[in-house]
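A.B. asks:
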Amino acid sequence: MTEQKTSDDAVSEFDVAIMGGGAAGLTLAMHLHRARPGTSIVVVEKSTRAPEAAHKVGESTVDIAAHYMRDVLKVEPHITGRQLDKFGLRFFFTQADNRDIARRVELGHAHRPHVGATYQIDRGRFENYLSDELTDLGVDVWVGHRIDKIDLTDTGRRHSVSVTTPDGEHRGIRARWVLDASGRASLLKRKLGLAKPNGHNVNAAWFRIDHPIDIDEWSSLSSWHERITDGHRRLSTNHLMGEGYWVWLIPLASNSISVGIVADAEIHPFDKINRFEKALTWLREHEPQCAEVVESHRDKLLDFKVMRNYSYGCEQVYSEQGWCLTGEAGIFLDPLYSPGFDVISLSNGLITDLVTRALDGEDISELAAIHNNVFFLVTDGWLPIYEGQYPIMGNARVMSAKIIWDTGVYWAVASLLYHHDQFRQLGDRPRLVAQMARISTITEPVQRFFRQWYDVEPKAHADGFVTYYDFDFMTRFHEGMVGDLPDAELDDQFAANLDELERIAGELVSAVIAECDAADDEVRRDQADRWRADKALMRLVDSYQSHGTSEEAWITVGPDGLAKGGGRDFSIRPHGSDAAAPTKGTEGDIEAGALAGGQSR
Numbered sequence: 338m339t340e341q342k343t344s345d346d347a348v349s350e351f352d353v354a355i356m357g358g359g360a361a362g363l364t365l366a367m368h369l370h371r372a373r374p375g376t377s378i379v380v381v382e383k384s385t386r387a388p389e390a391a392h393k394v395g396e397s398t399v400d401i402a403a404h405y406m407r408d409v410l411k412v413e414p415h416i417t418g419r420q421l422d423k424f425g426l427r428f429f430f431t432q433a434d435n436r437d438i439a440r441r442v443e444l445g446h447a448h449r450p451h452v453g454a455t456y457q458i459d460r461g462r463f464e465n466y467l468s469d470e471l472t473d474l475g476v477d478v479w480v481g482h483r484i485d486k487i488d489l490t491d492t493g494r495r496h497s498v499s500v501t502t503p504d505g506e507h508r509g510i511r512a513r514w515v516l517d518a519s520g521r522a523s524l525l526k527r528k529l530g531l532a533k534p535n536g537h538n539v540n541a542a543w544f545r546i547d548h549p550i551d552i553d554e555w556s557s558l559s560s561w562h563e564r565i566t567d568g569h570r571r572l573s574t575n576h577l578m579g580e581g582y583w584v585w586l587i588p589l590a591s592n593s594i595s596v597g598i599v600a601d602a603e604i605h606p607f608d609k610i611n612r613f614e615k616a617l618t619w620l621r622e623h624e625p626q627c628a629e630v631v632e633s634h635r636d637k638l639l640d641f642k643v644m645r646n647y648s649y650g651c652e653q654v655y656s657e658q659g660w661c662l663t664g665e666a667g668i669f670l671d672p673l674y675s676p677g678f679d680v681i682s683l684s685n686g687l688i689t690d691l692v693t694r695a696l697d698g699e700d701i702s703e704l705a706a707i708h709n710n711v712f713f714l715v716t717d718g719w720l721p722i723y724e725g726q727y728p729i730m731g732n733a734r735v736m737s738a739k740i741i742w743d744t745g746v747y748w749a750v751a752s753l754l755y756h757h758d759q760f761r762q763l764g765d766r767p768r769l770v771a772q773m774a775r776i777s778t779i780t781e782p783v784q785r786f787f788r789q790w791y792d793v794e795p796k797a798h799a800d801g802f803v804t805y806y807d808f809d810f811m812t813r814f815h816e817g818m819v820g821d822l823p824d825a826e827l828d829d830q831f832a833a834n835l836d837e838l839e840r841i842a843g844e845l846v847s848a849v850i851a852e853c854d855a856a857d858d859e860v861r862r863d864q865a866d867r868w869r870a871d872k873a874l875m876r877l878v879d880s881y882q883s884h885g886t887s888e889e890a891w892i893t894v895g896p897d898g899l900a901k902g903g904g905r906d907f908s909i910r911p912h913g914s915d916a917a918a919p920t921k922g923t924e925g926d927i928e929a930g931a932l933a934g935g936q937s938r
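In this text, residue positions in the sequence shown follow the numbering used here: the first is 338, and each later residue adds one.
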């Protein structure tokens, strides 16, 4: 940054200055305005109006972000009328040479979920809408302005920000709060030395094509199409999964599509995907059916972008001294499960609570520390979902169980608390905080278990279909996250969810141990012994064996079955096996998954 002198008559005063006018900054401005309409706000953005199908990652929303946009920001008319309804997260696992989508193990919804509508967001269209709406509401949105200098004070005086206008003139801002939403530029993080690596070394490359690639057209097999009873696969966030990688396909309302490659650097080096031609070559090798479709429309390529070692942390995100970080200006975990907008939703809510209470004269010094701890309690808890887990993506059997588990935990814990507006209230909710201390004792051993299970589990090699609602506990968690429970009832529900997660995990571990004990493979039998020596895992097994489950609706893995859900057995057998006919699940007359192996990895 270069120091510029600014005359007093070119200085504007605001309650809040937001640095960055992308999705994080604009939604934060809208949230602040909704919460405290009299607040004077300026949003400073270096670029001009964003194009549709903007060159940005983060188009897919899940439950928390969708609730935030729809019910907190009150932008439902835009997201339902100008964006795409999303058909959940859908996964296709590696099978043979990946040239036939219908032969790949599939995990996703068969019909639209009963609750929790989510959306595919065209970032350019969304950001332009927010910018226009904010301007109409009286919020200052300065586009084409470069931030030159930030001066923070710790004396209660206003902070100063110096900017250069599109005409090259210098302007000054004085604000009680400076909020950094500058994305990976991370203006305040760099200034204050708050950067923190997290050890999750994964890279990404993505591009947009100005053509609506439709995954439903990748197969003409009628039985494959009949799996979906209400909806279209193309509206899902579609994931093509393989060892150490996944490829996303996200449709956009502008009639284009976003295609991304996300890969573990130790398995798929960055220099194999860091140019479009290289990425296409990589797709030909690992996802040839996808590569063929992309090649047929390469003349409509809109852009190409990469991020190397994209995941990072931060030492602090909120301060009682009048500054905060949100979005990628603070942390970024991983795009799997689409948590980016969720993190923004959580962070913006905590920031809005801090800022509005401070502007109303409240002493927020203690609250800032509490909110900072709450933010990292959540995001640090999400990191183990990703760190060291990318190799598992090559095994349909293990990764399917992991996806069901991760999604169930998300609905039962974070989404339940967010829908009940609990994160900003945790300082006054000691019973809930005490229960939250249990979460890591459940989830961390299970994530470790998935890695160890993958190491001894043969790869799956057969087609099949599993839906989220094939498991009754998933329906309960999903439908139970919404509503308006009083605090006491919410405390009871949260504790009950954690109890059920313990039992579900315990049965999963118990079933896999039993399978390994019965195996001819000494490596698998030895791993079963090591699991029995793991006190954290055995505590989960004890919970299951002592209390059972509330009903027959949990994950069970055995020698010839991936799962039982609500009494339905999902057999694991090779394609073309003489085994019994596939079982029907709760989402419709769907073939159950033939997911397992018997072949070496």
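Ideal placement from N, C-alpha and C gives every residue a C-beta, glycine not left out.
Here's a check: name, in chain order, each residue in its chain whose Cβ is nearer than 7 Å to the Cβ of V692, leaving out the five neighbours to either side.
C.D. replies: By one-based count along the sequence shown, residue 692 stands at place 355. For V692, where only same-chain residues beyond five positions count, the Cβ hits under 7 Å are V353, L369 and W514.
A.B. asks: Would you report the Cα separation of D400 and Y655, rounded to the nearest angstrom?
C.D. replies: Reading the sequence shown from its first residue, position 63 is the one you call residue 400. Reading the sequence shown from its first residue, position 318 is the one you call residue 655. Approximately 25 Å, taken between the alpha carbons.
A.B. asks: Please determine, among G362, W742, S752 and K796, the residue with the shortest C-alpha to C-alpha distance to E781.
C.D. replies: The residue you call residue 781 lines up with position 444 of the sequence shown. Among G362, W742, S752 and K796, the Cα nearest to that of E781 belongs to W742.
A.B. asks: From the DSSP output, which residues share a beta bridge with Y806?
C.D. replies: One-based indexing of the sequence shown puts residue 806 at position 469. DSSP output for Y806 lists no bridge partner at all.
A.B. asks: For the alpha helix (DSSP H) that W742 lies in, which residues bound it at each end?
C.D. replies: Walking along the sequence shown from the start, residue 742 turns up at place 405. Note, W742: alpha helix (DSSP H), A733 to V746.
A.B. asks: Would you mind sorting R494 into buried or exposed? The rule is 16 or more other CB atoms within 10 Å of its CB.
C.D. replies: As a first step, residue 494 is located in the sequence shown; it is residue number 157 there, counting from the start. It counts as exposed.
A.B. asks: Who pairs with Q457 in a beta bridge, going by DSSP?
C.D. replies: By one-based count along the sequence shown, residue 457 stands at place 120. DSSP output for Q457 lists S397 and L421 as bridge partner(s).
A.B. asks: Just to confirm before moving on: does the CB-CB distance between T804 and G453 stay below 8 Å?
C.D. replies: Here the question's residue 804 lines up with position 467 in the sequence shown. Here the question's residue 453 lines up with position 116 in the sequence shown. No, Cβ-Cβ distance for T804 and G453 is not below 8 Å.
A.B. asks: Determine the extent of the alpha helix (DSSP H) in which D824 is found, giving its start and end residues.
C.D. replies: Against the sequence shown, residue 824 aligns to sequence position 487. Its alpha helix (DSSP H) spans residues D824 to D854.
A.B. asks: Tell me the DSSP bridge mates of N540?
C.D. replies: In the sequence shown, residue 540 corresponds to position 203, counting from 1. In DSSP, N540 forms a bridge with A600.
A.B. asks: With a CB to CB cut of under 8 Å and the five nearest residues on each side skipped, what residues in its chain are close to L617?
C.D. replies: As a first step, residue 617 is located in the sequence shown; it is residue number 280 there, counting from the start. Counting only Cβ-Cβ distances below 8 Å, and skipping sequence neighbours, we find A628, V631, E632 and R635.
A.B. asks: Going by alpha carbons, who is nearest to N465 out of L365, H562 and A360?
C.D. replies: Sequence index remark: in the sequence shown, residue 465 carries index 128 (1-based). The shortest Cα separation from N465 among L365, H562 and A360 belongs to A360.
A.B. asks: Can you tell which of G581, F810, T566 and L696 has its C-alpha closest to the C-alpha of R449?
C.D. replies: Here the question's residue 449 lines up with position 112 in the sequence shown. Comparing Cα positions, the closest option is T566.
A.B. asks: Let me know the secondary structure DSSP gives H451 once reduced to three states.
C.D. replies: Numbered from 1 along the sequence shown, position 114 holds the residue referred to as residue 451. H451: coil per DSSP, three-state reduction.
A.B. asks: Look at the alpha carbon of G904 and the alpha carbon of A705, and state the distance between them as a whole number of angstroms.
C.D. replies: Within the sequence shown, numbered from 1, the residue matching residue 904 stands at position 567. Within the sequence shown, numbered from 1, the residue matching residue 705 stands at position 368. Because G904 sits at a pLDDT of 36, beneath the cut-off of 50, its placement in the model cannot be relied upon, and the point is left open.
A.B. asks: For Q726, which of V409, A602 and W543 has the nearest alpha-carbon?
C.D. replies: Taking the sequence shown and counting its residues from 1, one reaches residue 726 at position 389. Q726 has its Cα closest to that of A602, out of V409, A602 and W543.
A.B. asks: Note the first and the last residue of the continuous beta strand (DSSP E) segment covering W282.
C.D. replies: With the chain covering 338 to 938 only, the question about residue 282 has no answer from this structure.
A.B. asks: State the Cα-Cα distance for the pair A518 and W660, rounded to the nearest angstrom.
C.D. replies: By one-based count along the sequence shown, residue 518 stands at place 181. By one-based count along the sequence shown, residue 660 stands at place 323. If you take the alpha carbons of A518 and W660, they lie about 11 Å apart.
A.B. asks: Mapping the DSSP letters down to three states, classify Y727 as helix, strand or coil.
C.D. replies: Counted from its first residue, the sequence shown places residue 727 at position 390. Y727: helix per DSSP, three-state reduction.
A.B. asks: For a test of the three-state rule: what should DSSP assign to A705, helix, strand or coil?
C.D. replies: Here the question's residue 705 lines up with position 368 in the sequence shown. Of the three classes helix, strand and coil, the one that applies to A705 here is helix, per DSSP.
A.B. asks: Within a Cβ cutoff of 8 Å, which residues of the same chain sit near K526, ignoring the five residues on either side of it in sequence?
C.D. replies: In the sequence shown, counting from the first residue as 1, residue 526 sits at position 189. If we look at K526 and ignore the five residues flanking it on each side, its Cβ neighbours are D517, A532, C651, L662, A666 and G667.
A.B. asks: Taking DSSP as the reference, what is the three-state secondary structure of T566?
C.D. replies: Counting from one through the sequence shown, the residue named residue 566 turns up at place 229. Coil.
A.B. asks: Which partner residues does C651 have in the DSSP bridge list?
C.D. replies: Translated into positions along the sequence shown, residue 651 becomes position 314. Per DSSP, A532.
A.B. asks: Inspect the beta-carbon positions of S737 and F712 and report whether they are closer than 8 Å.
C.D. replies: By 1-based counting over the sequence shown, the position of residue 737 is 400. By 1-based counting over the sequence shown, the position of residue 712 is 375. No, Cβ-Cβ distance for S737 and F712 is not below 8 Å.
A.B. asks: Tell me the DSSP bridge mates of P588?
C.D. replies: Position 251 of the sequence shown holds residue 588. Bridge partners of P588: I594.
A.B. asks: By DSSP, does N710 sit in helix, in strand, or in coil?
C.D. replies: Taking the first residue of the sequence shown as 1, we reach residue 710 at position 373. Note: N710 maps to helix in three-state DSSP.
A.B. asks: Enumerate in chain order the residues of its own chain whose CB-to-CB distance from R775 is below 6 Å, with the five nearest sequence positions on each side excluded.
C.D. replies: Here residue 775 is taken as the residue at index 438 of the sequence shown, counted from 1. Taken in chain order, the residues that qualify are L835.
A.B. asks: Per DSSP, what kind of secondary structure is I438 in: helix, strand or coil?
C.D. replies: One-based indexing of the sequence shown puts residue 438 at position 101. I438 falls in the helix class under three-state DSSP.
A.B. asks: Run through the DSSP bridge pairs and tell me what L444 is partnered with.
C.D. replies: Sequence index remark: in the sequence shown, residue 444 carries index 107 (1-based). BP columns for L444 point to F428 and V803.
A.B. asks: The alpha helix (DSSP H) that contains L754, what's its start and end?
C.D. replies: Along the sequence shown, one-based indexing puts residue 754 at 417. L754 -> alpha helix (DSSP H) spans L753 to H756.
A.B. asks: Just to confirm my understanding: we take G820, look at its own chain, exclude 5 residues before and 5 after, and list those with CB closer than 7 Å. What are they?
C.D. replies: Numbered from its first residue, the sequence shown carries residue 820 at position 483. Excluding sequence neighbours, G820 sits near nothing in its chain.
A.B. asks: Verify the contact flag: L558, CB atom, against every heavy atom of the ligand MG, threshold strictly below 7 Å.
C.D. replies: Summarising the ligand content, the structure contains no ligands, and the ligand MG is consequently not present.
A.B. asks: Is S349 helix, strand or coil by DSSP?
C.D. replies: The sequence position of residue 349 within the sequence shown is 12, counting from 1. In this structure, S349 counts as strand in the three-state DSSP scheme.
A.B. asks: Strictly by DSSP, which residues pair up with K642?
C.D. replies: Your numbering for residue 642 matches position 305 in the sequence shown. W543, per the DSSP bridge assignment.
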